[in-house]
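For the sequence shown, numbering that gives the first Met the number 0 begins at 0 and goes up steadily by one.
Have a look at the structure below, then the notes.
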Amino acid sequence: MKLKKIILKNIRSYVDSIIEFPTGKVLLSGNIGSGKTTVLLAIEFALFGLMRSGLTGQSLLRNGCDKGSVTLFFSIDNKDIEIFRSLKRSKSSVTQDSGYISINGTKTVGTAIELKQKVIELLNYPTEYLTKSNSLIYRYTVYTPQESMKAILLGNQEDRLEALRKVFGIDKYKRIQQNSKVIISKIKEKKSELSGKIFNLNEKIMQREEINNKIISLSEQIKNETVFLNNFKKEVDELNLKIKEFELIKQKNDSIKNKLSLLNSQLADKIKLKTKFTEESTQLQTSIEALKKENLSLPPTSINDEILKLNTQIKSLEDDLLTTQNTIQELKTKKTVSLELINHLSSLENCPTCLQRVSPEHKSSINLKEQQKVKDYNSNLESLEKEHKLKKSTLEELKQMVKSKEKELTQYEVIKYKLNSLKEKESKFEELNNNLISIKKEIGSINLKINEHYSELNASSYDENEYNKLKLKFELKSKDLKSKEISLAQLNTSLASLKDQKLRLDKDISELLAIKSKLEHLDKVMHWLSEDFLNMLQTMEKNIMLKVHSDFSMLFEKWFSILIDNDILSVTLDETFSPLIEQNGFNIDYEYLSGGEKTAAALAYRLALNQIINNLMSDINTRDLVILDEPTDGFSSEQLDRVRDLFNELELTQLIIVSHEPKIESFVDNTIRFEKKEHITHVNY
């Protein structure tokens, strides 16, 4: 992991600052209170968010501001990562707001816990740290405030040992032991529960054996009963077969009797029909003879044509009469007009049209002309009236002729009807005679069939008494057969019930045997856990702790010896990982060391712890980054020179040192200077 840049907005003494981190050894230089440690806290906040134990929103957000944010840029395994977290102030507290993480330009918005989860994945830290209030690995490998490390050295031995077990990952063995004991306890409970379930296993096995014997005995009994029943059923079937043979004969006789009844009925109907046809034939013969005596013959068939011709003449004559009548009326009208004009001229003085006086000569001329017209009208009227009278007389004669012809036509229709009736009667008479011949034949055929059926009945071997005896015997044996079938069915039901009981017992026994097998398996598991596994865990934990202790102690001695060149003062670790300090062969307490020696011991412990954790967790992505906060507090000038040697020994990609010691500047590759003015930190390179 390599830090590249951090942007701080309203974070403690920072208003809006950008700080870039070069590769190699970087010094954050400035007076006490200039804002150097704020940068380290901001880095931790960007990575893991707020923590209940120490890193709170109230301690980060600038006083008087409602919002603040940190944006951290860093790289891991050629991935460029940007993470943004923000703070907001409410009435009672300061909380985290939404944020985002960008990996190679792909931005993902998330909650505080989602961002922490993504960071833990990127750093390859154990996922269990997602729910922890602080990240021990980060605190013990990358950044630990120097005072916190001194507190670890001076704290309770059990607390220190427990913290180191967690950070080394060795506490999992203790958890496994505790969990194993819980599992053993659960197994004991389960064993007790399972033992209670199989208390009646042997009893069920004995029950199954007893039922199995009953099944064998009952199966044999059913087999014998079935053989007997089949033979008995065969006898009943034979009786039934004989009865069916009798019933077939009886059915055949009944069928013949039904046919005889039907034939006798048909014979009676045919005889009645024969009598009826004979009577009708006699009546028809009498009627035919009477009609023949009338010597009927049809007149010519032209009467209709003559009537049609006469009606045509009548119609034409009626039209002429109408025309003549109209002409007579027209002449009479004209005559009346002329007479009126003659009368009018005698008293006319002036012309009604031009109002001029009419002369006598003109009147005389018009009078003569009109007189001639009246004369002509009278002549024509006389001629037309004679003609009209003659035509009217002719019309009456024609109508009388039509009536005469219509009377002839009626007589023709009567004769025609009688002739048709004669023809029909002769045809029906012939049909009746033919029917009589046919009926006589049918009567003969029916009589023949009746005689044949009576012969069949007389030849039948049906015996009613024998049939009744067989039927009674069959009914008694059928009743006995039904009783035996019910008895056999009851035996089969009992057998099925026994088999069901056996199946249920088989299932119960199988389940109980499975429980017994599980119980035996639990015995083995519990024995292995309590006798083998726990001992093995204790041995593994002890060996790992010994190895860690040995390596830790060696590194602690190494880093301390680099910082303190004093043959009479040496350090090592006791079994609780507490510093064991020896001076001139005597053990002395950490509190009796000088300020520089205390700082050297704390720094050596810190670096040794860093290297041990990185060795145990070789896959974490923060192993090439270390941040040291005031690591030289109380050091002499000579000790500061030794710090340079120590830095060179570390061989880190990026080492960030927070210090106000000017001499440290000569040990590093780059220096970032911090200065606070009017409560605002300014950054210079």
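We put the beta carbon where it would ideally sit given N, CA and C, even for glycine.
Buried or exposed (CB count within 10 angstroms, at least 16 for buried), residue i
i	result
N609	buried
K256	exposed
K597	buried
K542	Before going on, a small fix: residue 542 reads as Asn here, not Lys. Exposed is the call here.
Q653	buried
P578	buried
L562	buried
A150	exposed
Y591	exposed
D15	exposed
V336	exposed
I656	buried
K374	exposed
L26	buried
T70	buried
Pairwise C-alpha distance: residue j and residue i
i	j	result
L59	G67	9 Å
E127	I136	12 Å
Y124	I514	43 Å
K78	K4	15 Å
K8	F673	16 Å
L152	I100	37 Å
I445	E423	32 Å
D623	N647	14 Å
T140	N586	29 Å
D573	P21	39 Å
H681	K675	6 Å
K1	T37	19 Å
A601	E192	55 Å
Y376	K388	18 Å
R641	V667	14 Å
S454	N239	29 Å
L713	S363	Only positions 0 to 684 of the chain appear in the structure, and residue 713 is not among them; the question remains open.
K404	S301	10 Å
K180	V166	23 Å
L469	S254	22 Å
L340	E369	8 Å
I80	L114	12 Å
I671	N683	6 Å
K314	E407	22 Å
I691	K258	Nothing about residue 691 can be reported from this structure: the residues present for the chain run from 0 to 684 only.
K483	V235	13 Å
E429	N263	28 Å
E660	I112	38 Å
Top-ranked residue by Cα proximity to residue i, from the options
i	options	result
I204	S569, F585 and L512	L512
G63	R88, F72 and L40	R88
S267	I442, N366, D628 and D318	Contrary to the premise, residue 267 reads as Ala rather than Ser in this sequence. Answer by Cα proximity: I442.
S437	E317, K273 and V336	K273
K196	N377, G594, E664 and L518	L518
K251	M400, E540, H452 and A41	H452
Y172	F532, E381 and N325	F532
L651	I18, G23, S12 and S549	G23
W558	A599, L545, Q371 and S549	A599
Q500	Q206, N310 and S635	Q206
E142	E246, I626 and I671	What sits at residue 142 in the sequence shown is Tyr, not Glu. Of E246, I626 and I671, the residue nearest in Cα terms is I626.
Q265	F198, E237, S392 and K448	K448
L606	S593, D628, Q312 and Q324	D628
L39	R51, Q57 and I6	I6
E246	N325, F576, N467 and L536	N467
G732	F83, N103, T326 and E677	Examination of residue 732 is not possible in this model, given that the chain is present from 0 through 684 alone.
S620	R51, L122, Q57 and L49	Sequence inspection shows Asn at residue 620; the Ser mentioned does not correspond to that position. Considering only alpha carbons, the answer is L122.
- Below 8 Å, can you find three or more Cβ-Cβ pairs linking the stretch 86-100 to the stretch 20-33? With a cut-off of 8 Å, the stretch 20-33 and the stretch 86-100 do not count as touching, because too few Cβ pairs lie within range.
- Message: Taking contact to mean 3 or more Cβ pairs, one atom from each stretch, closer than 8 Å, check whether the stretch 594-610 and the stretch 541-554 are in contact.
- Response: Touching, yes.
- Counting only runs of 4+ residues fully inside the stretch 97-158, write out the alpha helix (DSSP H) ranges in chain order. The qualifying runs are 111-122, 135-140 and 145-153.
- Query: At a cut of 8 Å, does the stretch 493-502 reach the stretch 171-190 through at least three beta carbon pairs?
  - Reply: Fewer than three Cβ pairs drawn from the stretch 493-502 and the stretch 171-190 lie within less than 8 Å of each other, which leaves the two stretches out of contact.
- Quick one: any contact between the stretch 105-118 and the stretch 41-57, if contact means 3 or more CB pairs under 8 Å? Short answer: they touch.
- Query: Between the stretch 219-231 and the stretch 472-490, do at least 3 Cβ pairs fall closer than 8 Å?
  - Reply: Counting C-beta pairs closer than 8 Å gives three or more between the stretch 219-231 and the stretch 472-490, which meets the contact rule.
- What alpha helix (DSSP H) runs, 4 residues minimum, are completely inside the stretch 163-245? Those alpha helix (DSSP H) runs which fall completely within the stretch 163-245 and span 4+ residues are 170-196.
- Would you list, in sequence order, the uninterrupted alpha helix (DSSP H) runs of no fewer than 4 residues that lie entirely inside the stretch 455-530? The stretch 455-530 contains these whole alpha helix (DSSP H) runs: 463-526.
- Query: Enumerated in chain order, which unbroken segments of the alpha helix (DSSP H) with a length of 4 residues or greater are wholly contained in the stretch 56-87?
  - Reply: Entirely contained in the stretch 56-87, the alpha helix (DSSP H) runs reaching 4 residues are, in chain order, 56-59.
- Could you name each continuous alpha helix (DSSP H) segment of 4 residues or more that falls completely within the stretch 630-656, going from the start of the chain to the end? Here the runs fully enclosed are 636-649.
- Can you list, in chain order, the stretches of the alpha helix (DSSP H) that have 4 or more residues and sit fully within the stretch 0-52? The stretch 0-52 contains these whole alpha helix (DSSP H) runs: 35-47.
- Complete runs of the alpha helix (DSSP H) confined to the stretch 533-570 [at least 4 residues]: Counting only runs of 4 or more, we get 533-562.
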